[in-house]
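Here the structure comes first, spelled out in structure tokens, and everything after it is commentary.
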Amino acid sequence: MSIRDLSAVHEMSKDTSKLSVIENLDLVITILKAVVVAPFRGRSGHRDFLKHVIHTALRTMNARVSAKQIQKISASTDEAYKQFAKLKSFDPLTTALLFGAKAHWIGPQNAGKILIFLHGGGFVYPAATQFEFLYEIQKNSDDSAVVFLSYSLAPGQQYPYQLKQVVALLAYLLEEAGKKPENARANLALGLLSNLLHPHPSLPSLQVAEPLRGAVLVSPWVSFNTSSPSYMENQNRDVVTANILKKWAAYYLGTSKADEYNQPLLASDEWWQGLGNKVREIMITAGTNECPFNDTEAFVNKLKFRDNRNGFIHSGRSTTSFDVDTMHDLPPEIEETRNSLIDSAQTVKWLALGPKGIYWEILFAFSDEIALRAIYKYKLARSVPIDGSATFREISTASGIYEDLVKRFLRQAMANHIFAEELPGHVRHNAASRLLAVGRDANGAVGLMTCELLPVGMKTLDALEVYPGSEELTETAWALQNKIGISPYAFLAKHPERARRFGAGMRYFGRGQGCDLDHLVHGYPWETLDQPGTVFVDVGGGHGSVPRALATATQHMKFVVQDLPGTVRDGSEALLGSLSSRVSFAEYDFFRE
Numbered sequence: 001m002s003i004r005d006l007s008a009v010h011e012m013s014k015d016t017s018k019l020s021v022i023e024n025l026d027l028v029i030t031i032l033k034a035v036v037v038a039p040f041r042g043r044s045g046h047r048d049f050l051k052h053v054i055h056t057a058l059r060t061m062n063a064r065v066s067a068k069q070i071q072k073i074s075a076s077t078d079e080a081y082k083q084f085a086k087l088k089s090f091d092p093l094t095t096a097l098l099f100g101a102k103a104h105w106i107g108p109q110n111a112g113k114i115l116i117f118l119h120g121g122g123f124v125y126p127a128a129t130q131f132e133f134l135y136e137i138q139k140n141s142d143d144s145a146v147v148f149l150s151y152s153l154a155p156g157q158q159y160p161y162q163l164k165q166v167v168a169l170l171a172y173l174l175e176e177a178g179k180k181p182e183n184a185r186a187n188l189a190l191g192l193l194s195n196l197l198h199p200h201p202s203l204p205s206l207q208v209a210e211p212l213r214g215a216v217l218v219s220p221w222v223s224f225n226t227s228s229p230s231y232m233e234n235q236n237r238d239v240v241t242a243n244i245l246k247k248w249a250a251y252y253l254g255t256s257k258a259d260e261y262n263q264p265l266l267a268s269d270e271w272w273q274g275l276g277n278k279v280r281e282i283m284i285t286a287g288t289n290e291c292p293f294n295d296t297e298a299f300v301n302k303l304k305f306r307d308n309r310n311g312f313i314h315s316g317r318s319t320t321s322f323d324v325d326t327m328h329d330l331p332p333e334i335e336e337t338r339n340s341l342i343d344s345a346q347t348v349k350w351l352a353l354g355p356k357g358i359y360w361e362i363l364f365a366f367s368d369e370i371a372l373r374a375i376y377k378y379k380l381a382r383s384v385p386i387d388g389s390a391t392f393r394e395i396s397t398a399s400g401i402y403e404d405l406v407k408r409f410l411r412q413a414m415a416n417h418i419f420a421e422e423l424p425g426h427v428r429h430n431a432a433s434r435l436l437a438v439g440r441d442a443n444g445a446v447g448l449m450t451c452e453l454l455p456v457g458m459k460t461l462d463a464l465e466v467y468p469g470s471e472e473l474t475e476t477a478w479a480l481q482n483k484i485g486i487s488p489y490a491f492l493a494k495h496p497e498r499a500r501r502f503g504a505g506m507r508y509f510g511r512g513q514g515c516d517l518d519h520l521v522h523g524y525p526w527e528t529l530d531q532p533g534t535v536f537v538d539v540g541g542g543h544g545s546v547p548r549a550l551a552t553a554t555q556h557m558k559f560v561v562q563d564l565p566g567t568v569r570d571g572s573e574a575l576l577g578s579l580s581s582r583v584s585f586a587e588y589d590f591f592r593e
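Numbering of the sequence shown is given in UniProt numbering, commencing with residue 1 and proceeding in unit increments.
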């Protein structure tokens, strides 16, 4: 369950005491019904059981109560900020702005980097649960502060009043505080950018001397029209529906008409011309389970058509999670951030484990390897339906091993977020396990490591004792494990099934984050060697992926790929004609010569 969902449950449990008895009863009945029917929801509901129940409850409450009731049962943005400051033991700092708006600060006012946060909530919800997220951003960023705008909610104030308050905040930061802020969130942020491009007659005039650093649009509400297919597809998944959003849009618009400032999707392609002069980078995110998802896609495509910015737009169909539809790969622009996050998280983990815990972590890792080997050997991933679930008994019947063992192997894997037990005794796929069910290369990698290389690795010290100092082909850990006197490649040539598994595993690892050839191409100054007469020899170069990448990035260097006869033949046949004058293949048995 996400932090957002946990926060929603907390707020809902805290605030429902202010609803009427009938409203509370209605909510309880809805939750109970969701729990009972959840196992039979099929594809119409959320894949995650708890999220399905929580989203159903929130969707029901949003449909039943008015904006005024929502605001009555919820802590205001101002109150929530004060409570959060007290919780984190910092002095609240608030700047009063024009039009009754307030700017709440997290971090020092003299920070060099300022993030403006314009909270979501359909213009009817205050921002009671979003401060923790912003606090973590500020805490982990050097010389930064977050400015959280407390704007008026609908229907108490209606369009374009909230946009006036946003302009007032930016004007204060630029003209009085001398800041160059970044912008986060959605509808209001786009309204602000539209106003910078085409000043709204009802808004204060504002000019920026240089572009804002960036804008992050999280699930932007770009159209009040609810006819796109995703509204029907996600009506039982999202926390809102078409009718709820129509109600909230009416609260916000009042008697005003739809225009480019309140519904950005209405704007023509030409409307966004010159956007690169107002903001350097834009990132847009949206979840596939959101009702307005198709509208977000359409808006992203519109901005891509008018692509005159010095930045990028990323519209991912998924978010990072353990669910089947998670985002498997990240855009190149943020891959470095992912790697940095992984390194930092690993360091934190080892620090938290402490000296004793580190040994526990390493010494008991073999149980994970055993579970993976069992999953591979008994084809457990393929015993679970791709879009459904199976009981442990059904998996036992399909795989031919005892039900008790199935439970042990799969639950060990679940500890590493491989498979999920949504309901007790019912196993379904998540993102990681699905790879093993449908991905030949991922499955091959697990088989290669657990059935082939791990046993060989365990023979390493035996080989050192039996053959001290030997470099002979027949005196290796591989030879001891497989009881052979030939090279691994010669052995694999005689065992096609194991050779196919080896090839699948190597393909999988070759596409991994750490094996990206960009590291090699851009990590060394090849231009210093790029001159006529320079020859690069890749011994054991396989099909020549490294020389091909380097040849594409250089102009004069020549490359020779040396490998075994069959590999050389396949590599030569796959070589593009444009590279044939600079990349050549030569047979070479590096195990003997």
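Built from N, CA and C at the ideal position, the CB exists for glycine as well. Note that the structure is predicted; figures quoted are calculated from it, not measured.
Just reading off the alpha helix (DSSP H) that residue i is part of, what are its end residues?
i, result
"ILE137", "131-139"
"GLN69", "67-73"
"TRP105", "From DSSP, TRP105 is part of no alpha helix (DSSP H) but of the beta strand (DSSP E) over 102-106."
"THR241", "Here THR241 belongs to no alpha helix (DSSP H), and DSSP marks it neither H nor E."
"LEU217", "It is not in any alpha helix (DSSP H) - LEU217 instead sits in the beta strand (DSSP E) that spans 215-218."
"LYS88", "77-88"
"LEU480", "477-482"
"ALA127", "Taken as a continuous stretch (DSSP letters only), ALA127 belongs to no alpha helix (DSSP H), as it is neither H nor E."
"SER433", "431-438"
Mind checking residue i: buried by the 16 CB within 10 Å criterion, or exposed?
i, result
"ARG569", "exposed"
"PRO565", "exposed"
"SER580", "exposed"
"GLN207", "exposed"
"THR567", "buried"
"LEU576", "exposed"
"GLY485", "exposed"
"PRO39", "Bear in mind that the predicted position of PRO39 carries a pLDDT of just 46, short of 50, making it unreliable; the figure below should be weighed with that in mind. Counting Cβ neighbours within 10 Å, PRO39 comes out exposed, since fewer than 16 surround it."
"PHE364", "exposed"
"TRP360", "exposed"
"TYR588", "buried"
"LYS278", "buried"
"ASP142", "exposed"
"PHE366", "exposed"
In the DSSP assignment, the beta strand (DSSP E) including residue i goes from what residue to what residue?
i, result
"ILE284", "282-285"
"ALA420", "420-423"
"ARG428", "426-428"
"SER584", "583-587"
"THR288", "Element bounds for THR288: n/a, residue is neither H nor E."
"ALA96", "93-96"
"LYS113", "113-117"
"VAL166", "Unbroken run through VAL166 is the alpha helix (DSSP H), 161-171; no beta strand (DSSP E)."
"ASP563", "558-563"
"PHE148", "144-150"
"ALA390", "389-391"
Tell me, to the nearest whole angstrom, how far the beta carbon of residue i is from that of residue j; I am working on the premise that it is less than 8 Å.
i, j, result
"ALA445", "TYR508", "4 Å"
"TYR81", "PHE148", "7 Å"
"VAL456", "ALA477", "5 Å"
"LEU169", "ALA103", "6 Å"
"ASN243", "ALA67", "Going by Cβ atoms, the distance from ASN243 to ALA67 rounds to 14 Å, so no, they are not a contact pair."
"TYR172", "THR94", "Not really, about 12 Å apart at Cβ, beyond 8 Å."
"LEU453", "ALA413", "Actually they do not touch by this definition, with Cβ atoms about 19 Å apart."
"VAL166", "LEU192", "5 Å"
"ASP462", "LEU480", "6 Å"
"ASP78", "SER150", "5 Å"
Using a Cβ-Cβ cut-off of 6 Å (strictly less than) and excluding sequence neighbours within five positions of residue i, which residues of its own chain qualify?
i, result
"SER383", "ILE395, ALA398 and SER399"
"SER17", "Interpretation of SER17 is limited by its pLDDT of 40, a score under 50 that renders its predicted location unreliable; the figure taken from the coordinates is listed afterwards. Contacts found: none."
"THR241", "GLN235"
"GLY439", "none"
"PHE585", "VAL561, VAL568, GLY571 and SER572"
"TYR159", "TYR252, LEU253, SER256 and ASN262"
"VAL546", "ASP538"
Report all residues from its chain with a CB closer than 8 Å to the CB of residue i; omit the five preceding and five following residues, and keep chain order.
i, result
"ALA85", "ASP91 and PRO92"
"LEU245", "GLY122, TRP221, PHE224, THR226, CYS291 and PRO292"
"residue 637", "Any answer about residue 637 is impossible in this case: the structure gives the chain only from 1 up to 593."
Residues in the same chain with beta-carbon distance under 7 Å from residue i, minus the five sequence neighbours each way, listed in chain order, please.
i, result
"LEU410", "LEU380, PHE419 and VAL427"
"TYR251", "ALA67, PHE123, VAL124, ALA154 and PRO155"
"ARG548", "LEU579 and VAL583"
"SER76", "PRO126"
message: Please give me, in chain order, every unbroken run of the beta strand (DSSP E) with length at least 3 that falls completely inside the stretch 513-547.
response: Annotation note: the stretch 513-547 contains the following uninterrupted beta strand (DSSP E) runs of length 3 or greater, listed N- to C-terminal: 535-539.
task: Counting only runs of 3+ residues fully inside the stretch 357-421, write out the beta strand (DSSP E) ranges in chain order.
output: Counting whole runs of 3 or more residues, the stretch 357-421 contains the beta strand (DSSP E) stretches 389-391.
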